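Trainee: Numbering (mature numbering (1 follows the signal peptide of the UniProt record, and there is no 0)), first residue to last: -21 to -1, 1 to 1203.
The structure is given below, and queries will be raised subsequently.
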């Protein structure tokens, strides 16, 4: 029996709150269902007992825990319940007319959220008629007894999930026809190269020859394992290793058994995520926020152990984000069993820990991805249900206690989800998802069931098929073939017909046995090695017909075969001919005989023999005329032969009037009826089609698919399916008889109808394959699909063809072994000659991207913070000031196929055929964002170490800005005057506004009408898809993933005063931002700079004491020169010094100082006006985003008025040394 699984979900999580029910009753003669709940409690004896009514009956322990008992009164012993885990037990009894009958014990782990059960045991239980009382002391057991009619008992047999249902082999897809998954279309398996290795199919599966397909059946040189997938988009798949052979989905050769190779359809995972609570945990060098989060919210608990901190998530969440930002402190995240989290994100130096026998549900889960490798620890019997996506990148998997005997591999289950795992570690698990992608050297010990499975990068799958009965053992079905079955030879010649054992249309190379062969009535046993033996037939020098028959020893169900071979003294001798249908061929014929010494000699025959013909293949229903009329002169003829159609024809030459009486010992037999003699001969003509025409089959039409990466018509989107039909055609005109033929224009020519007929031949397969024609020609096969030659439709219809990239394809049609056959050698049969049919091809294009996605829109205030090695805190907490250029803004736009595969060829398209990228404004904050879009370019990043590997539009901009409101508005004073608003996109600011900036991806309609988004409206991500005035298929509006974080900022200098004789006065300075209500100090800013040298300062004398007697020279008061940054938003390093600190020369005055922050400012303009009294240096710090409309004149540099010599009231000057003053 297949190993039973306990952790695959069939319904939602059901948490049963039991109520105590100590007893229930049922009739012993009835079908009964006993159910109860129990919580695992190792060390505590728990039981359910049965007591029959009446005296003399012992109590029976129907179910019990702890140590097993050998007593017949103890039935189902349960030693394996896990501590604290809730279970439901169901026991079903068949009464069996008062004789001991089968009673079955089922168990379900309630934490796993499944409605699938384990059939734990089956035993015999004898009960008499009458009342039976079931009792238990288990608390909250909800014990119940239900009597059931026999015809209804099947309704109570619970669904059992076992390995053979969903994970029957190492890899497979599942059955979709007539299920909830029918819209998924054909299942697809793609492997990139021979580096991908899958092993571990069950023994019976590998032994069954029906699961082995010979690529080149004529010599068995290539074989592949048939696997449970419909098709592939990459014929490198065929070269990948499946149990040491190639990998063959149905598209390579559909033998009609592929559905049986698939898993059963999984139960949909319908989950409602209804929590609105969010939790973010960041472990960095600052105050750990898990302390406050877990202490106040009740959503989690924590235990700090120095080098690690363990956080337990206690409640369902809408989102959970965990970041481990310290290399010296790992954050371990555990979850209570049964938890539901809509969006999970764990990264950095973190560990996601999933406990034994527990179930977890996520909509999206992203684990790892950057920084120190993230761990995922999986204990036994873990179930992780995913409804949307599960991504694990740069992670290390660990399976806890995997070596223990009762370890059950974890299961990740998401029949509608995508799964992406990137790791070089070992993952022991069973995986089920709609789509799975692996692109690293991961080793998976378990099994994979996926509708779309992509593997590249050295993936290694080791199947866990401990039970071989997931594939029933079968016996080979053989047929015996004798070839040829008729022939004519001279009496001095020997014939060697071939006896072959065939299996599924191919020689059974693994067959070694014997056959009984009867030649002219004499039987003998001959050995058959590797499926083939050559017989020897001769006439002993006599003119006679010899019959041959053969039967396969030990296989009475295999039909015997027979043949007839005529030996004559004279004959027409013509070599077997290999022709092209409808093309003439010059044929040489001779008349030969055996002389007295047994040698073959020429006979000088002249005349015109009668020609007759019969079709050998197809044996019936053949069409096509023969044209052949040889005329012999002196024993030889050379004449043209034309056979209109394909197939195998036997041609007989006969002349019954030839007189050999003048020859000594005339050997011709006299026809007793006519009194004449007959000269006969036979030869075989093998006729093949000329080539294969590749033609349209419905819409979209191939006839207009003439574009490529440099121009012409667009065809369809990458990943979109199309169809083609292939027909074998007769020879036309002066066409080439070697090499491939461009055949797209021959779809109206005559076909070789016979080619489709006669299933008695080993059926050649017709392959439709493709390689890239443009933009970069390649011999790598894009897709390869195959059909048997024999069919009744008179065409080969290939549907659901697709390409996951763009450009144009060279689509080719040929027989499966066309490239392997040496067509100039001596050929033996029709099958090999069919393989010589010349390959037909046509170019098809242009394929274009199905849609575009902004995959990166990162904004960095400081470019250095964008480095992978950078650690928080980031400059300004990575929040720019409005109108401040980001140190680096990185953007990536990636084209995709309809199946969500990254496009690789698009960057090589002609420029005018590539999509254009322009900036998408926010509808409210119009023209507020500046990005140098014109600097972006399409590039090939296939070998890139970062970003998406494939084609992408990429831009790194060090001038991108989120502008201030009215940034370009000039007021009546001629100055720029902005208005305060924001903050924007700052999650920590409660009044933050959120923007919708992005890109518009547009087609160059004049030169490139290819759609930008080929998805239907429901599936498109274009923001304008519902806008009737904007065609999203031509102009797709996409929002940035990350919107720019920005705040309105300003630099503030405080007015101060001090004595005119102080050496210097401190001028407080700080940087602020608008939080939506008021300006607050930006404590995240330690980067804003100021320079107080005179060249960077504007000054204005506001007031000078009229009583100053120090002379008329201008003041020497100034700011003390310094070039520095603020620290956490403030600076205490700016000082002003007076004119002269000497009491005798001190000067009482007020001076305004501006710190220049840009090229322009109202005071700078005033300095150019006569009489303004403002003097300005010509240098400045380029920080105009810190200007502010201080005086109503426009955005202005920060300034402060410094008073040297301060009055207290109106009475006196404050002199040096007096305490309590500002700045002292």
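Backbone N, C-alpha and C fix where the C-beta goes; we use that ideal spot for every residue, glycine too.
Treat the numbers as computed from the prediction; the structure is a model and nothing was measured.
1) Which of the three DSSP states is assigned to residue 72 in this structure?
2) Whole angstroms are fine: how far does the CA of residue 459 sit from the CA of residue 530?
3) Could you tell me if the beta carbon of residue 1159 falls within a distance shorter than 7 Å of some heavy atom in the ligand ATP?
4) Excluding sequence positions up to five away, which residues of its chain have a Cβ less than 6 Å from the Cβ of residue 547?
5) Could you tell me whether the Cβ atoms of residue 262 and residue 305 are closer together than 8 Å?
6) Inspect the beta-carbon positions of residue 829 and residue 894 and report whether they are closer than 8 Å.
7) If you count every other CB in all the chains shown that lies within 10 Å of the CB of residue 1008, and 16 or more means buried, which is it?
8) Report all residues from its chain with a CB closer than 8 Å to the CB of residue 502; omit the five preceding and five following residues, and keep chain order.
9) Taking residue 450 as the reference, give the member of 947, 776, 242 with the closest Cα.
10) Which value, in whole angstroms, describes the spacing of the CA atoms of residue 1137 and residue 1046?
11) Could you name each continuous beta strand (DSSP E) segment of 3 residues or more that falls completely within the region 989 to 1051, going from the start of the chain to the end?
12) Note down the Cα distance separating residue 347 from residue 416, rounded to an integer number of angstroms.
13) Could you give the DSSP three-state label for residue 302: helix, strand or coil?
14) Quick check on the DSSP output: the alpha helix (DSSP H) that includes residue 219 runs from which residue to which?
15) What is the DSSP secondary structure of residue 558, reduced to helix, strand or coil?
16) Does the separation of the CB atoms of residue 735 and residue 833 fall below 8 Å?
17) Name the two residues that bound the continuous beta strand (DSSP E) containing residue 629.
18) By the 10 Å Cβ neighbour count, where 16 or more other Cβ atoms means buried, how is residue 1082 classified, buried or exposed?
19) Kindly indicate which three-state DSSP category residue 946 falls into: helix, strand or coil?
20) With a threshold of 16 other CB atoms inside 10 Å of the CB of residue 1026, please say whether the residue is buried or exposed.
21) Would you kindly work out how many angstroms separate the C-alpha atoms of residue 818 and residue 718, rounded to a whole number?
22) For residue 165, which option in 1, 430, 274 has the closest C-alpha, if you only look at C-alpha atoms?
23) Are residue 792 and residue 747 touching if we call contact CB-CB under 8 Å?
24) Just verifying my parser: in three-state terms, what is the DSSP assignment at residue 811?
25) In terms of alpha-carbon separation, which member of 289, 302, 275, 229 lies closest to residue 259?
26) Can you check which of these residues, 1099, 287, 971, is closest to residue 1181 by C-alpha distance?
27) Using the beta-carbon count (16 or more within 10 Å), is residue 1127 buried or exposed?
28) Please work out which residues of its chain come closer than 8 Å, Cβ to Cβ, to residue 1012, disregarding the five sequence neighbours upstream and downstream, and give them in chain order.
29) Under 8 Å between the Cβ atoms of residue 516 and residue 544?
30) For the beta strand (DSSP E) containing residue 661, list its first residue and its last residue.
31) Just checking my contact of residue 26 with residue 43 at CB under 8 Å: how many whole Å lie between their CB atoms?
32) To which residues of the same chain is residue 16 closer than 8 Å at the C-beta, ignoring the five residues directly before and after it?
33) In angstroms, rounded to a whole number, what distance separates the CA positions of residue 1050 and residue 1031?
34) Just tell me which of 32, 910, 37 has its CA closest to the CA of residue 109.
35) Suppose contacts are defined by Cβ-Cβ distances below 8 Å. Is residue 623 in contact with residue 561 by that definition?
36) What are the start and end residues of the beta strand (DSSP E) that includes residue 309?
Mentor: According to the structure shown:
1) Within the chain shown, numbered from 1, the residue matching residue 72 stands at position 93. Strand at residue 72.
2) Taking the first residue of the chain shown as 1, we reach residue 530 at position 551. Taking the first residue of the chain shown as 1, we reach residue 459 at position 480. So the alpha carbons of these two residues sit roughly 8 Å apart.
3) This structure does not include the ligand ATP; it has no bound ligands of any sort.
4) Taking the first residue of the chain shown as position 1, residue 547 is located at position 568. If we look at residue 547 and ignore the five residues flanking it on each side, its Cβ neighbours are 522.
5) Reading the chain shown from its first residue, position 283 is the one you call residue 262. Reading the chain shown from its first residue, position 326 is the one you call residue 305. Against a cut-off of 8 Å, the Cβ pair of residue 305 and residue 262 comes out as a contact.
6) What you label residue 829 is simply residue 850 of the chain shown in a count that begins at 1. What you label residue 894 is simply residue 915 of the chain shown in a count that begins at 1. Not in contact: residue 829 and residue 894 (Cβ atoms no closer than 8 Å).
7) Stepping through the chain shown from its first residue, residue 1008 is reached at position 1029. By the Cβ-count criterion, residue 1008 is exposed, with fewer than 16 other Cβ atoms from all chains shown falling within 10 Å of its own Cβ.
8) Position 523 of the chain shown, counted from the start, is the residue given in the question as residue 502. These residues qualify, in order along the chain: 495, 496.
9) Mapped onto the chain shown, residue 450 falls at position 471. If we check each option's Cα against that of residue 450, 242 comes out closest.
10) Start at 1 with the first residue of the chain shown, and residue 1137 comes out as number 1158. Start at 1 with the first residue of the chain shown, and residue 1046 comes out as number 1067. When the Cα atoms are used, residue 1137 and residue 1046 turn out to be separated by approximately 21 Å.
11) Unbroken beta strand (DSSP E) runs of no fewer than 3 residues, entirely contained in the region 989 to 1051, are found at 1014 to 1018, 1028 to 1032, 1035 to 1037, following chain order.
12) Position 368 of the chain shown, counted from the start, is the residue given in the question as residue 347. Position 437 of the chain shown, counted from the start, is the residue given in the question as residue 416. Computed Cα separation, rounded: 16 Å.
13) Taking the chain shown and counting its residues from 1, one reaches residue 302 at position 323. Looking at residue 302 - three-state DSSP - the assignment turns out to be strand.
14) Here residue 219 refers to the residue found at position 240 of the chain shown. For residue 219, no alpha helix (DSSP H) encloses it, and the DSSP letter there is neither H nor E.
15) Walking along the chain shown from the start, residue 558 turns up at place 579. In the three-state reduction of the DSSP assignment, residue 558 falls in the strand class, which pools E and B.
16) One-based indexing of the chain shown puts residue 735 at position 756. One-based indexing of the chain shown puts residue 833 at position 854. Taking the C-beta atoms as reference points, residue 833 is found no nearer than 8 Å to residue 735.
17) Looking up residue 629 in the chain shown gives position 650. In the DSSP annotation of this structure, the continuous segment of the beta strand (DSSP E) that includes residue 629 starts and ends at 626 to 634.
18) As a position in the chain shown, residue 1082 is number 1103, starting the count at 1. With fewer than 16 Cβ atoms within 10 Å of its Cβ, residue 1082 is classed as exposed.
19) Residue numbering aside, residue 946 sits at position 967 when the chain shown is read from its first letter. Residue 946: coil per DSSP, three-state reduction.
20) To locate residue 1026, count along the chain shown from 1; it is residue 1047. It counts as buried.
21) For this step, residue 818 is matched to residue 839 along the chain shown. For this step, residue 718 is matched to residue 739 along the chain shown. C-alpha separation (whole angstroms): 7 Å.
22) The sequence position of residue 165 within the chain shown is 186, counting from 1. Closest by alpha carbon: 430.
23) Counting from 1 along the chain shown, the entry for residue 792 is found at position 813. Counting from 1 along the chain shown, the entry for residue 747 is found at position 768. Result yes, Cβ atoms of residue 792 and residue 747 sit closer than 8 Å.
24) Residue mapping note: residue 811 aligns to position 832 of the chain shown, counting from 1. Residue state for residue 811 is assigned as helix, using DSSP reduced to three classes.
25) Taking the chain shown and counting its residues from 1, one reaches residue 259 at position 280. Residue nearest to residue 259 within the set 289, 302, 275, 229 is 302 (criterion: CA-CA distance).
26) Residue mapping note: residue 1181 aligns to position 1202 of the chain shown, counting from 1. Nearest C-alpha to residue 1181: 1099.
27) In the chain shown, counting from the first residue as 1, residue 1127 sits at position 1148. The residue is buried, with at least 16 neighbouring Cβ atoms inside 10 Å.
28) Residue 1012 sits at position 1033 when you count from the first residue of the chain shown. The residues are 990, 991, 992, 993.
29) For the purposes of this step, residue 516 is taken as residue 537 along the chain shown, with counting starting at 1. For the purposes of this step, residue 544 is taken as residue 565 along the chain shown, with counting starting at 1. Between residue 516 and residue 544, the CB-CB gap stays under 8 Å.
30) Here residue 661 is taken as the residue at index 682 of the chain shown, counted from 1. DSSP places residue 661 in the uninterrupted beta strand (DSSP E) bounded by 658 to 667.
31) Within the chain shown, numbered from 1, the residue matching residue 26 stands at position 47. Within the chain shown, numbered from 1, the residue matching residue 43 stands at position 64. With 8 Å as the limit, residue 26 and residue 43 qualify as a contact, their Cβ atoms being about 4 Å apart.
32) Translated into the one-based positions of the chain shown, residue 16 becomes position 37. Same-chain partners within the cutoff: -6, -4, 65, 66, 67, 68, 89, 117, 119, 120, 121.
33) Mapped onto the chain shown, residue 1050 falls at position 1071. Mapped onto the chain shown, residue 1031 falls at position 1052. In this structure, the alpha-carbon of residue 1050 lies about 6 Å from that of residue 1031.
34) Here residue 109 refers to the residue found at position 130 of the chain shown. It is 32.
35) Taking the chain shown and counting its residues from 1, one reaches residue 623 at position 644. Taking the chain shown and counting its residues from 1, one reaches residue 561 at position 582. Result yes, Cβ atoms of residue 623 and residue 561 sit closer than 8 Å.
36) Translated into the one-based positions of the chain shown, residue 309 becomes position 330. In the DSSP assignment, residue 309 falls within the beta strand (DSSP E) that extends over 309 to 314.
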